[in-house]
Amino acid sequence: MELVLKSEYLNAAVKIAKADSFSFADLIVKAMDYKGVRENIFPDYMRNDTLGIKTCVYCNAQFAITAETEPALTPAMIKKRGKRRGRKPQPRPAILRANYELDHNLPKSSYPYLCTNFYNLIPCCSSCNKHKSKYPLDFTLYAKNGDDLEPLYFELPTDDLLKFQLRHVCGGLHVELKDRVGGTLAEEFNKRFAIDAIYKEHSEEIRELLWRHNIYSSSGIAALKDGFKDLFLDGFDINRFILGTYADTEDVFKRPLTMMKQDIMKQLMK
Numbered sequence: 003m004e005l006v007l008k009s010e011y012l013n014a015a016v017k018i019a020k021a022d023s024f025s026f027a028d029l030i031v032k033a034m035d036y037k038g039v040r041e042n043i044f045p046d047y048m049r050n051d052t053l054g055i056k057t058c059v060y061c062n063a064q065f066a067i068t069a070e071t072e073p074a075l076t077p078a079m080i081k082k083r084g085k086r087r088g089r090k091p092q093p094r095p096a097i098l099r100a101n102y103e104l105d106h107n108l109p110k111s112s113y114p115y116l117c118t119n120f121y122n123l124i125p126c127c128s129s130c131n132k133h134k135s136k137y138p139l140d141f142t143l144y145a146k147n148g149d150d151l152e153p154l155y156f157e158l159p160t161d162d163l164l165k166f167q168l169r170h171v172c173g174g175l176h177v178e179l180k181d182r183v184g185g186t187l188a189e190e191f192n193k194r195f196a197i198d199a200i201y202k203e204h205s206e207e208i209r210e211l212l213w214r215h216n217i218y219s220s221s222g223i224a225a226l227k228d229g230f231k232d233l234f235l236d237g238f239d240i241n242r243f244i245l246g247t248y249a250d251t252e253d254v255f256k257r258p259l260t261m262m263k264q265d266i267m268k269q270l271m272k
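The sequence shown: position 98 = 100 (the numbering used here), numbered continuously.
Next comes the structure, spelled out in structure tokens:
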């Protein structure tokens, strides 16, 4: 937290709105300065890669990144610059722009005192945040001892898998979201976020993954390693190269579609 909590922010005055125009929950949210946390603290938290998250946590199909940008010019700033014509413009400090939204695992309308709790904030895309709304979902980024760290996974249906294995059919295949240990979480995700429908539109990604799986057999991987060993490519990872994304489970939220690609490759390797 020391990396993101600036002293000037902690000591800044907080303006509280008039009570007659807001609910008690709204007043708590304003008193805790949720807007300030969302705009000034969380982007820095994401930027420092503390969470290792760069995609929507719910769909894993959209980027969720913090970008360093130049602040937009306000009308007042433009007017002020006009008066300084002929002078060298003063550099403006870069700002961090959050290209994602924050969903509250427990809605702030019911749990306003958790509105700025980082354990309750889920980085997600605008579409997933809109469809999740206040709907309760038995899913969180953070797990307690004994919890399943990977409750969901993607799978090629048996018919599609056989088409590929027996006839080498790679086109028109689709994946399905499944519960790893019973439950109805996959069903809830499809109901809220239409995950299967979204991934049906990424069938070309599946096709390319199947191509690479067939081309890079064990002997093919060995030949590839021999071919690359003299190139001295910094940080080269053969598994990441073949998969087309990160190969380690802990990196699923660093690039869109990574969870699906990792799961399908594991299924093919069985």
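Even for Gly, the Cβ is constructed at its ideal location relative to N, Cα and C.
Within the same chain, and ignoring the five residues on either side of Ile-240 in sequence, the residues whose Cβ sits closer than 8 Å to its Cβ are Ile-223, Leu-226, Lys-227 and Phe-230. Per DSSP, the continuous beta strand (DSSP E) segment holding Phe-156 begins and ends at 154-157.
For Thr-160, the number of other beta carbons within 10 angstroms of its own is below 16, and it is reported as exposed. Here Arg-99 is bridged, per DSSP, to Ala-69. By the Cβ criterion, the segment 121-139 is in contact with the segment 194-205, since at least three pairs of Cβ atoms, one from each stretch, lie closer than 8 Å. Comparing C-alpha distances from Leu-123 to each of Met-271, Tyr-47 and Lys-272 shows the shortest one belongs to Tyr-47. Annotated three-state conformation of Cys-58 is coil, per DSSP. In the three-state reduction of the DSSP assignment, Glu-203 falls in the coil class, being assigned neither a helical nor a strand state.
The C-alpha of Phe-166 lies about 18 Å from the C-alpha of Tyr-201. Below 8 Å, too few C-beta pairs join the segment 55-63 and the segment 28-46 to call them touching: fewer than three. Secondary structure of Cys-172 (DSSP, three-state): coil. Selection Leu-270, Leu-139, Tyr-102 and Gly-184 evaluated against His-170 yields Leu-270 as nearest (Cα-Cα). Less than 8 Å separates the beta-carbon of Asp-181 from that of Pro-153. Here the alpha carbon of Thr-68 sits roughly 16 Å from the alpha carbon of Asp-105.
Taking every protein chain shown into account, the CB of Leu-245 has 16 or more other CB atoms within 10 angstroms, so this residue is buried. Put simply, the backbone Cα of Leu-212 is about 6 Å away from that of Cys-172. DSSP places Lys-32 in the uninterrupted alpha helix (DSSP H) bounded by 26-33.
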